[in-house]
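Numbering follows my numbering, in which position 90 of the sequence shown is assigned residue number 94; successive positions increment by one, without gaps. All residues carry an ideal CB built from backbone N, CA and C; glycine is no exception. Taking it in order: structure first as structure tokens, then the write-up.
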Amino acid sequence: MKILTLVINDDKRVDKLLNALYDAGIEGGTMLDSTGMHHTMLDRDDEMQTHYGILRSYLKRSRAHSKTLFFVEEEETIAKIEQIITDTLGDLNEPDIGFMFIQDVVRMVGGSKAKKN
């Protein structure tokens with residue numbers, strides 16, 4: 005088993021990705037709203053506000069919400085998900101798209117998939 009974690013920096017890209025995954029038979033992911041640490045600090049740290057001033061206001065207005073998606077699947081399915089992500093979102097090395105990483109799952113308790121009739 006593997007876990008693929010994807011952070012999408014622009015939530016406007018999410019629907020297209022979810023549709024592509026669903027069309028490919030991938031239905032078992034989890035999605036969370038997320039915010040980067042830098043933006044959080046800009047929103048609450050008085051010293052950061054002093055240093056960034058107008059830039060802080062601009063970033064707060066223009067910032068898109070990010071989404072974090074998790075998929076725990078067998079290695080073959082993770083490879084399929086990774087390909088769909090790349091095909092749908094493009095090169096994750098480009099600025100402001102997002103990032104993903106894949107890790108081994110040592111043990112998983114619960115979360116078993118329902119049998120399809």
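Rounded separation between I88 and A24 - CA only | Counted from its first residue, the sequence shown places residue 88 at position 84. Counted from its first residue, the sequence shown places residue 24 at position 20. Between the alpha carbons of I88 and A24 lies a distance of about 7 Å.
How many angstroms separate the CA atom of G102 from the CA atom of T72?
-> Against the sequence shown, residue 102 aligns to sequence position 98. Against the sequence shown, residue 72 aligns to sequence position 68. Per the coordinates, the alpha-carbon of G102 lies some 9 Å from the alpha-carbon of T72.
Does the pairing of the region 103-114 with the region 8-21 give three or more beta-carbon distances under 8 Å?
-> These segments touch.
T92 beta carbon less than 7 Å from that of L21 = For the purposes of this step, residue 21 is identified with residue 17 of the sequence shown, where counting begins at 1. For the purposes of this step, residue 92 is identified with residue 88 of the sequence shown, where counting begins at 1. A contact, by the Cβ cut-off of 7 Å.
Residue closest to I30, alpha-carbon to alpha-carbon, out of V109, K16, F74 = Sequence index remark: in the sequence shown, residue 30 carries index 26 (1-based). Comparing Cα-Cα distances from I30 to each of V109, K16, F74, the minimum goes to F74.
Indicate the three-state DSSP secondary structure (helix, strand or coil) for V110 in the structure shown.
-> Against the sequence shown, residue 110 aligns to sequence position 106. In the structure shown, V110 falls within a coil segment according to DSSP collapsed to helix, strand and coil.
Measure the alpha-carbon distance for D108 versus E78 and round it to whole angstroms.
-> Here residue 108 refers to the residue found at position 104 when the sequence shown is read from its first residue. Here residue 78 refers to the residue found at position 74 when the sequence shown is read from its first residue. D108 and E78 have their C-alpha atoms roughly 10 Å apart.
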